[in-house]
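Read top to bottom, the protein sequences are chains A and B.
Take 35 as the starting number for the first sequence in our numbering and just add one per residue.
Take -1 as the starting number for the second sequence in our numbering and just add one per residue.
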Amino acid sequence: MPKTIKLKKGLNINLIGEAEKKLAEIQPQSFAIKPTDFIGTFPRLQVKEGDNVEAGTPLFIDKYREEIVFTSPHSGKVLEIKRGDKRALLEIRLETDSINKQIDFEPANPYSLSREQVTEKLLKSGLWTLIRQRPYNIIAKPNTSPKAIFVSAFDSAPLAPDYDFIVSGKGKDFQTGLDVLKRLTDGKVHLNVSSETKAVEFLQAKNVEINTFSGIHPVGNVGVQIHHIDGINKGEVVWVVKMQDVLTLGYLFNNGVINPEIIVALTGSEVLKTGYIKTIRGGCIKKMVEFNTSNKDLRYISGNVLSGSNIRPDNYIHYYDNQITVIPEGKYSEFLGWALPGFGKFSTSRTFPSFLFPKKKYVLDTNLHGAERAYVMTGKFEEVLPMDILPLQLIKSIIYEDIDLMENLGIYEIEPEDFALLEFVDTSKTNIQSLVRHGLEIMRKEMN
Amino acid sequence: MKSLRNYLDKIKPQFQKGGKYEKLHSTFDAFETFLFVPPHTTHVGSHIRDAIDMKRTMSIVVIALIPALLFGIWNVGHQHFLSHAMDVGFWDKVGFGALKVLPIVVVSYVVGLSIEFAFAQYRGHEVNEGFLVSGMLIPLVLPPDIPLWMVAVATAFAVIIGKEVFGGTGMNILNPALTARAFLFFAYPAFMSGDKVWIAEKADTFSGATPLADAAIATGGSVEFSHSLSDMFWGFIPGSIGETSVVAILIGAVILLVTGVGSWRIMLSVILGTTVAGLLVNLVGSNAYTNVPFYYHFLMGGFAFGTVFMATDPVTAAQTNRGKWWFGFFIGVLVVIVRIFNPAYPEGVMLAILLMNVFAPLIDHYVVESNIKRRLKRAKANTKLQTKVGAV
């Protein structure tokens, strides 16, 4: 077994509201696929309101890559097609059928199929969308072979779901999923596990390179892991798949149908009863959070507190997310707040007493604690970024859109989530993750 | 506090767009955010944020400066009465010192903040907190007898030419407080150097030489200091208002280091630079000054103050961690070189820091280049590997 990669930099934010390790099942009344979850996709609708679909029926395709099909994970009836400004397609909402009618894509052993056949099956079933490429985090380009494929077998973000718990008992699907990935690349499939994992499903996985990581967040981010195993250079492409999505891929090849299920961790200080919930990909969160939160003004997040997205309590979990977090909103103004000792507030700066209680868990709200300023402080970003990247210089190169410099400073290696902690600690309160996305979009357009 | 909040909410519309006092928007905003942390919540990106903000960061530096300020006030009085050979009580010294020092502080803040507010208004920005620190630094690096109008002119020069022309806080190349001092140093040398200025209303018969002056004028084999090493350490010597007491500055340094606001890399590397350069000149030792043991440099003049409060200014220092080591080290070396080998300028700290402020972007440039080279090298190694694999 290769040696453990130890990362010292980063930050664990201890929050109240970790998911209790109990699995419940909630069948949502409706679910939705949001084309906005797929970066760089121009959706062309394949269904209209009132249509009945089966699990595996195409909902829309990508206008510029027609082979990439987005299918329904569950059977149901198209309730509403929601559009935004300039008629941009935002959501396709479907009512969940009580009995799931599934299109049969036929079970198969990935090793008995050619690469083309494996790709074909994934494209047809719509599960190709679970495979994304770095840089840019867009859906992978079919019939190309990436340098390597990476799967992170743990999530280190605040209150993140425990993958050991989720994968438990699903070793077969997981292994088949990895085998599918192995068929798609000439390079290696890397399974990156935490040094603390005990899950045999991960530790005994075959046909993959197992890399062990130890450290604090963002050690579980696949981008950080790639950087330490086989960093992305200019012109190179790697693919990434989330752990639960590997299960879905495996299920397709083992059973021939799409598994609509994902397990979502319901977390956050304002959730009365936390836990793990078996639901449908893109499922409505209403049944999970209704009567299950405090009565404050709340923020509902699909994903984690650092890089998740804001959703309404009757809205839908995002396609790639497997966590719901509910925290209090922080819309209050505090008298001389910057000068008070600030017990109960969390800061990495040691200007607050929080550094004296490293084990304490916090309820943190969405208050910005200040207003946007020019960059003054230096050296803070470096403490939470375990990569050989000069963060402030890269951020500034994005601000003035210097393409060569962005490229030279390693923009291909990062995703907004890798810079989320920088945004958290930033004294100047700038929106660094949006900036990183902006930079990546500039590069993507420039390179195409 | 509710009533204050309500009052602010009531008058707020008048300062917003279309209101009666629209032109004073930034000013209102500065006062409002000073009193109340604004109710801004996160919209995009990370939903939770660190509790730190610029106001708190800057106020930590101001707090760290208070020991030096208080000691400075006392010492201005102490030196004055000492020169007149008068034995007076503690409070008389503090009273005299306060009358000398506080007007300088007030002038510095009033002039500087007025300009800052005007620029923020003109640009439609919020007022940045940077000057809260600069406004305190400027008085502490000036001699106690400086005329108030000079403080005003120097502050205006520093804020406008040193900072705002570059785009304001965060964009400036030179440390504003040192720019103010350098301006006075070259524009009005009579008020900024020599033996007369370092003691407020000094008695003519009293020598009043600072340790740096002692060292600069020394002839023969060794320097005869008019102060003991322990006086230099505790700060019972003439000098700029806030620079004399190494102890008071060390208290500030501890505050900056514990809170993580000041860079330990820079402080440590300045000391290293001075130690190396000091030991080297000790080794060569050709005249009285070169024979002064290297650790005297830590106690003389503005070394401690400059190292702790000026060199560590994050905007004008090197911004990369590796760059900070070089930045500090060269400051340390330059301090010794300017002090010993340049008879025109007995104090080297100000010039060393200003010079390295100018070179900091260059240092960062090389650090950035080395990072880029590492990345290119990795890419190259990778292509080589691939071609090899391909060949097999």
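Glycine included, C-beta positions come from ideal geometry on N, C-alpha and C.
Exercise. So, is B:Thr203 buried or exposed, given that buried needs 16 or more other C-beta atoms within 10 angstroms?
Worked result: Counting from one through the second sequence, the residue named residue 203 of chain B turns up at place 205. So B:Thr203 counts as exposed.
For this session: Please name the residues in the segment 43 to 77 of chain B whose beta-carbon is closer than 8 Å to at least one beta-carbon of chain A, in chain order.
Result: Cβ contacts with chain A come from Gly43, Ser44, His45, Ile46, Arg47, Asp48, Ala49, Ile50, Asp51, Met52, Lys53, Arg54, Thr55, Ser57 and Ile58.
Exercise. Tell me which same chain residues have a C-beta within less than 6 Å of the C-beta of A:Gly404, skipping the five on either side of it?
Worked result: Taking the first residue of the first sequence as position 1, residue 404 of chain A is located at position 370. The residues are Lys463.
For this session: Taking all protein chains shown into account, decide if B:Lys18 is buried (16 or more other Cβ within 10 angstroms of its Cβ) or exposed.
Result: Mapped onto the second sequence, residue 18 of chain B falls at position 20. B:Lys18 comes out exposed.
Exercise. When Cβ atoms are compared, which residues of the segment 407 to 419 of chain A fall closer than 7 Å to chain B?
Worked result: Under the 7 Å Cβ criterion, the segment 407 to 419 of chain A contributes Arg407, Ala408, Tyr409, Val410, Met411, Thr412, Gly413 and Glu416.
Problem set entry | Closer than 9 Å to chain B by CB, A:Leu332 | Taking the first sequence and counting its residues from 1, the one referred to as residue 332 of chain A is at position 298. False, the Cβ-Cβ gap to chain B never drops below 9 Å.
Problem set entry | C-beta contact flag for A:Cys318 and A:Pro62 at 9 Å | Residue mapping note: residue 318 of chain A aligns to position 284 of the first sequence, counting from 1. Residue mapping note: residue 62 of chain A aligns to position 28 of the first sequence, counting from 1. Closer than 9 Å, so yes.
Exercise. Where in the segment 150 to 216 of chain A do unbroken runs of the alpha helix (DSSP H), each at least 4 residues long, occur, reported from the N-terminal end onward?
Worked result: 197 to 201
Exercise. For B:Val42, does the three-state DSSP call read helix, strand or coil?
Worked result: The residue you call residue 42 of chain B lines up with position 44 of the second sequence. Here B:Val42 sits in coil by DSSP.
Exercise. What residues in the segment 222 to 254 of chain A have a beta carbon less than 9 Å from any beta carbon of chain B?
Worked result: none
Exercise. In chain order, which continuous runs of the beta strand (DSSP E) of length 3 or greater are located wholly inside the segment 318 to 370 of chain B?
Worked result: Within the segment 318 to 370 of chain B, no beta strand (DSSP E) run of at least 3 residues lies entirely inside it.
For this session: Quick one: measure Cβ to Cβ for A:Leu225 and A:Phe236, integer angstroms, because I've assumed they're closer than 8 Å.
Result: For this step, residue 225 of chain A is matched to residue 191 along the first sequence. For this step, residue 236 of chain A is matched to residue 202 along the first sequence. About 7 Å; that satisfies the 8 Å criterion.
Exercise. If we cut at 9 Å on Cβ distances, does A:Ile351 have a partner in chain B?
Worked result: Reading the first sequence from its first residue, position 317 is the one you call residue 351 of chain A. No, A:Ile351 does not count as interfacial toward chain B.
Exercise. Since B:Lys98 contacts B:Val60 with CB under 8 Å, what's their CB separation in whole angstroms?
Worked result: Within the second sequence, residue 98 of chain B is the residue found at index 100, counting from 1. Within the second sequence, residue 60 of chain B is the residue found at index 62, counting from 1. Not a contact, Cβ separation roughly 20 Å.
Problem set entry | Status (buried if at least 16 other CB within 10 Å, exposed otherwise) for B:Val282 | In the second sequence, counting from the first residue as 1, residue 282 of chain B sits at position 284. Burial call: exposed.
Problem set entry | Chain-order list of residues whose beta-carbon lies under 7 Å from that of B:Gly388 (same chain, five-residue window excluded) | One-based indexing of the second sequence puts residue 388 of chain B at position 390. Bear in mind that the predicted position of B:Gly388 carries a pLDDT of just 48, short of 50, making it too unreliable to give a figure here.
Problem set entry | Selected residue, minimal CA-CA separation from B:Glu30, among B:Gly93, B:Glu124, B:Tyr120 and B:Lys91 | Locating residue 30 of chain B in the second sequence gives position 32, where the first residue counts as 1. For B:Glu30, the nearest C-alpha among the options comes from B:Glu124.
Exercise. How do the segment 153 to 161 of chain B and the segment 169 to 176 of chain B stand: do at least 3 beta-carbon pairs fall below 8 Å, yes or no?
Worked result: yes
Exercise. Can B:Val333 and B:Phe301 be called in contact, C-beta distance under 9 Å?
Worked result: Numbered from its first residue, the second sequence carries residue 333 of chain B at position 335. Numbered from its first residue, the second sequence carries residue 301 of chain B at position 303. Yes, the pair counts as a contact, with Cβ atoms nearer than the cut-off.
Exercise. Within 9 Å (strictly less), CB to CB, does A:Arg384 reach chain C?
Worked result: Chain labels in this structure do not include chain C; the protein chains are A and B.
Problem set entry | Nonlocal neighbours in the same chain, by C-beta distance under 7 Å from A:Ile466, ignoring five residues either side | Counting from one through the first sequence, the residue named residue 466 of chain A turns up at place 432. For A:Ile466, the CB contacts under 7 Å within the same chain, skipping 5 residues up- and downstream, are Ile429, Phe453, Leu456, Glu457 and Asp460 in chain order.
Exercise. With 9 Å set as the bound, which would you pick, yes or no: does the beta-carbon of A:Tyr366 sit closer than that to a beta-carbon of chain B?
Worked result: Residue mapping note: residue 366 of chain A aligns to position 332 of the first sequence, counting from 1. So yes, A:Tyr366 belongs to the interface.
Exercise. Using 8 Å as the threshold, is the segment 189 to 204 of chain A in touch with the segment 152 to 169 of chain A, meaning 3 or more CB pairs across them?
Worked result: no
Problem set entry | Pairwise C-alpha distance: B:Leu270 and B:Phe292 | Numbered from 1 along the second sequence, position 294 holds the residue referred to as residue 292 of chain B. Numbered from 1 along the second sequence, position 272 holds the residue referred to as residue 270 of chain B. Rounded to whole angstroms, B:Phe292 to B:Leu270 spans 11 Å at the Cα level.
Problem set entry | Where the beta strand (DSSP E) through A:Asp112 begins and ends | As a first step, residue 112 of chain A is located in the first sequence; it is residue number 78 there, counting from the start. With the sequence shown as reference, residue 112 of chain A is identified as Val, and Asp is not the correct amino acid for it. That run of the beta strand (DSSP E) goes Gly110 to Arg117.
Problem set entry | CB contact below 9 Å: B:Val390 versus chain A | Position 392 of the second sequence holds residue 390 of chain B. Here B:Val390 scores only 42 on pLDDT, less than 50, and its place in the model is too uncertain to base an answer on.
For this session: Please state whether DSSP places A:Tyr446 in a helix, a strand or coil.
Result: What you label residue 446 of chain A is simply residue 412 of the first sequence in a count that begins at 1. Here A:Tyr446 sits in helix by DSSP.
Exercise. Which runs of the alpha helix (DSSP H) fall wholly inside the segment 96 to 144 of chain B and span at least 4 residues, in chain order?
Worked result: Counting only runs of 4 or more, we get 128 to 138.
Problem set entry | Segment limits, alpha helix (DSSP H) that includes B:Gln391 | Within the shown structure, residues of chain B are numbered from -1 to 390, placing residue 391 of chain B beyond reach of any answer.
For this session: Quick one: grab the DSSP three-state call for B:Val390.
Result: Here residue 390 of chain B is taken as the residue at index 392 of the second sequence, counted from 1. Note on B:Val390: pLDDT 42, under 50, position unreliable in the model; the coordinate value appears next. Looking at B:Val390 - three-state DSSP - the assignment turns out to be coil, as it is neither helix nor strand.
For this session: Give the DSSP bridge partners of A:Trp273, in chain order.
Result: On the first sequence, residue 273 of chain A is found 239 positions in, with the first residue counted as 1. DSSP lists A:Gln167 and A:Ile183 as partners of A:Trp273.
For this session: Would you list the one or two residues that DSSP bridges to A:Pro77?
Result: Position 43 of the first sequence, counted from the start, is the residue given in the question as residue 77 of chain A. According to DSSP, which records beta bridges pairwise, A:Pro77 is partnered with A:Asp96.
Exercise. Which chain A residues sit within Cβ distance under 9 Å of B:Ala358?
Worked result: Along the second sequence, read from residue 1 onward, the residue named residue 358 of chain B stands at position 360. Under the 9 Å cutoff, chain A gives no residues; its nearest Cβ is about 11 Å from B:Ala358.
Problem set entry | Counted within 10 angstroms of its Cβ, other Cβ atoms place A:Ala483 as buried (16 or more) or exposed | Outside the shown range of chain A, which is 35 to 482, sits residue 483 of chain A, and nothing can be said about it.
For this session: Please list, in chain order, all residues of the same chain as B:Trp324 whose beta carbon is under 6 Å from its beta carbon, the five residues on each side excluded.
Result: In the second sequence, counting from the first residue as 1, residue 324 of chain B sits at position 326. Ile361.
Problem set entry | Rounded separation between A:Gly316 and A:Val272 - CA only | Residue mapping note: residue 316 of chain A aligns to position 282 of the first sequence, counting from 1. Residue mapping note: residue 272 of chain A aligns to position 238 of the first sequence, counting from 1. Going by the C-alpha atoms only, they are around 26 Å apart.
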